[in-house]
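The sequence shown runs -18 to 455 under this note's numbering. Backbone N, C-alpha and C fix where the C-beta goes; we use that ideal spot for every residue, glycine too.
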Amino acid sequence: MKTIAIIGGGITGLSIAHRLQRERNSGVRYLLLESGNRLGGKIVSVAEQGCTLEGGPDSFLSHRPALRRLCGELGLDSQLIQPETGASTLYLWQGKKLKPLPEGITQLVPRKISPFLRSSVISWPGKMRMGMEYFIPPKRDEGDESLASFVERRLGGEMLRTIAGPLLAGIHGGDAAQLSVLSTFPQLRRMEREHGGLLRAMLANRRQTAAAAPSGNTGGGFYSFKNGMQQLIDALAAQLDPTKVKLGQRISRLWRGSQGWVVQMECGSGISVDEVVLAVPAYSAATLVATLDPELRDEFNAIPYASSATVSVAFRRADLLNSAQGLGKGWGYFVPPKAHRRLKACTWTSAKFPARSPEDVFLLRAFLGGPELNHILQGSDNELEDIVRQELRITLGIRATPLFTRIFRWERGNPQYVVGHTARIARIDQLLSRHEGLYFAGAGRTGGGVPGCVEQGERLAAAFLEERTQAVSR
Ligand SMILES: Cc1cc2nc3c(=O)[nH]c(=O)nc-3n(C[C@H](O)[C@H](O)[C@H](O)COP(=O)(O)OP(=O)(O)OC[C@H]3O[C@@H](n4cnc5c(N)ncnc54)[C@H](O)[C@@H]3O)c2cc1C
């Protein structure tokens, strides 16, 4: 029998534990060690006054099959919901007002030409520059580049500054000039490589694209759960063996014992195991391996993290009748950095997921964050609340007093996949190979959000099981 310590009870650690639990007769045992007093890490949903509030992720993309498969295994298929979609799903704060984005532009290439041409979000010279994309030769080498460099090279500076930069980099809470296109949106470089450009790829895939995302209510490929993302965590936790899940156990150090690994807890005691998965943020992994391998520690520490906060605010619908441009017609809005607003984006939760609030309540979720806003996050709850209310007054005209506000702070919550991230992970893997039975998984390793973490967890668990099968048959 082999025992694997999984350090970190976020979705990555839970996915590994789930697979090993299902294969409990395989000869591979697990021990899930989490420093907090709950499982789920960044995934947290809270019920308040009939509303479901999401602290971290509010939905996931279905393009990776592992998470949808997991939902099936956990009996959660009937609990899946998709966001409402209307004609325009997203708005941009521009020229002191909210303007709807033309359909499909969030994938960088507009799906329909005439709404794009009619839209005033991009100027005529900007639109012409975007059209030139068709004639720009593809980059032939495999080298990494920033998201900003990719978008500017292919679609021009206006598209970068107005839409692509704030929207795509905003997903990672980062800066398009720093983030790696290969680590954040590898599909963009794939489209360029395989089709010669984004417009060419869009034209080549038109039929499939239309089939995959017609203008009906497909939720743009996004899913969530009726009672919030926490439902996934609760379902995973419910099928684990409670004797193999330890909460409130911060691991402080690892070292090689005479028979495998010793996992040292902050409280002083140590546990001997055969293999260890670091399913924690890279900076936590750095602390754990600090004495074991300073070189590995430095590589982990070199992965930067940005902080953010989400602020859920609920209003009586009756109080919003004379305010709120656009409210209820889409998913929310985002703000480009050049507008110098403290709120980066806002989701109209009640419009995106109507079941997340009672009918007479309108729930919003505001996003604060980014490197330049770190000092705001150090403020008190009252200060954060004031900032959000001031911003909502300016962008949406909301003057009403909220029913309630709930703040979730994510200090160093968003790994930044900067240019060269894949090469750094390759170096980390090389250094890890010096320590047999030590692995690193989770959001610090690769992107893809929750589905990406589940995929990593599944892959690692499958490798443990395969290794065991081979060892037994030897
Ligand atoms: C505000 C926000 C919004 C997001 N929105 C989306 C979205 O809409 N869709 C999407 O797909 N993704 C989204 N993401 C990203 C997604 O939440 C993460 O990619 C994913 O949840 C990361 O899971 P993880 O298991 O890798 O790490 P985590 O969730 O960070 O879990 C790591 C766990 O390790 C524990 N830990 C750390 N150090 C130790 C130690 N020394 N000992 C023991 N335990 C330790 C922590 O307490 C934590 O529970 C969002 C993230 C944030 C912050």
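By the three-class DSSP mapping on this structure, what secondary structure does residue i have?
i           : result
residue 442 : helix
residue 456 : In this structure the chain extends from -18 to 455, so residue 456 is not present and cannot be described.
residue 103 : coil
residue 3   : helix
residue -16 : strand
residue -4  : helix
residue 320 : helix
residue 456 : Outside the shown range of the chain (-18 to 455) lies residue 456, about which nothing can therefore be said.
residue 388 : strand
residue 239 : coil
residue 23  : coil
residue 381 : coil
residue 97  : helix
residue 92  : coil
residue 328 : strand
residue 451 : helix
residue 130 : helix
residue 112 : helix
residue 121 : coil
residue 302 : coil
residue 400 : coil
residue 29  : strand
residue 291 : strand
residue 436 : helix
residue 364 : helix
residue 415 : coil
residue 245 : strand
residue 12  : strand
residue 430 : helix
residue 350 : strand
I think residue i touches residue j, with their Cβ atoms under 8 Å apart; what is that distance to the nearest whole Å?
i           : j           : result
residue 180 : residue 90  : 6 Å
residue 434 : residue 165 : Residue 434 to residue 165, Cβ: 15 Å. No contact.
residue -10 : residue 13  : 6 Å
residue 211 : residue 431 : Rounded, the Cβ-Cβ distance is 12 Å, inconsistent with contact.
residue 203 : residue 60  : Not really, about 15 Å apart at Cβ, beyond 8 Å.
residue 301 : residue 343 : 6 Å
residue 232 : residue -12 : 5 Å
residue 280 : residue 418 : About 19 Å; that fails the 8 Å criterion.
residue 126 : residue 399 : The Cβ separation is near 11 Å, so there is no contact.
residue 20  : residue 218 : 5 Å
Mark residue i as exposed unless 16 or more other C-beta atoms lie within 10 angstroms of its C-beta, in which case mark it buried.
i           : result
residue 115 : exposed
residue 313 : buried
residue 0   : buried
residue 395 : buried
residue 23  : buried
residue 371 : exposed
residue 383 : buried
residue 223 : exposed
residue 68  : Low per-residue confidence applies at residue 68: pLDDT is 44, beneath 50, and the placement is therefore not dependable, though the value from the model is reported in the following sentence. Exposed.
residue 94  : exposed
residue 454 : exposed
residue 84  : buried
residue 133 : buried
residue -18 : exposed
residue 229 : exposed
residue 367 : exposed
residue 429 : buried
residue 147 : buried
residue 358 : buried
residue 193 : Its pLDDT being 47, under 50, residue 193 is placed unreliably by the model, and nothing is read from it.
residue 321 : exposed
residue 361 : exposed
residue 56  : exposed
Compare the C-beta of residue i against all C-beta atoms of chain C and say whether one is closer than 7 Å.
i           : result
residue 105 : In the displayed structure, chain C is absent; only one protein chain is listed.
Unbroken stretches of the alpha helix (DSSP H), 4 residues or longer, contained in the stretch 44 to 80: 46 to 54
Could you tell me which whole beta strand (DSSP E) segments of length 3 or greater appear in the stretch 247 to 282? 251 to 254 and 256 to 259
Is it the case that the stretch 222 to 242 contacts the stretch 39 to 48, given that we only count it when at least three CB pairs across the two stretches are under 8 Å? no
Whether or not the stretch 96 to 111 and the stretch 46 to 62 are in contact is what I'm after, with contact meaning three or more pairs of Cβ atoms, one per stretch, closer than 8 Å; do they touch? no
Meets three-Cβ-pair contact criterion under 8 Å: the stretch 272 to 285 and the stretch 413 to 422: yes
Do the stretch 258 to 268 and the stretch 242 to 249 touch if we need at least three Cβ pairs shorter than 8 Å? no
Using 8 Å as the threshold, is the stretch 315 to 322 in touch with the stretch 74 to 91, meaning 3 or more CB pairs across them? yes
What are the complete beta strand (DSSP E) segments, minimum 3 residues, inside the stretch 200 to 232? Taking only runs of at least 3 residues, the beta strand (DSSP E) segments lying wholly in the stretch 200 to 232 are 203 to 206.
Report yes or no: do three or more beta-carbon pairs, one from the stretch 438 to 449 and one from the stretch 285 to 302, lie closer than 8 Å? no
In chain order, each alpha helix (DSSP H) run of at least 4 residues that lies wholly inside the stretch 144 to 174: Entirely contained in the stretch 144 to 174, the alpha helix (DSSP H) runs reaching 4 residues are, in chain order, 162 to 165.
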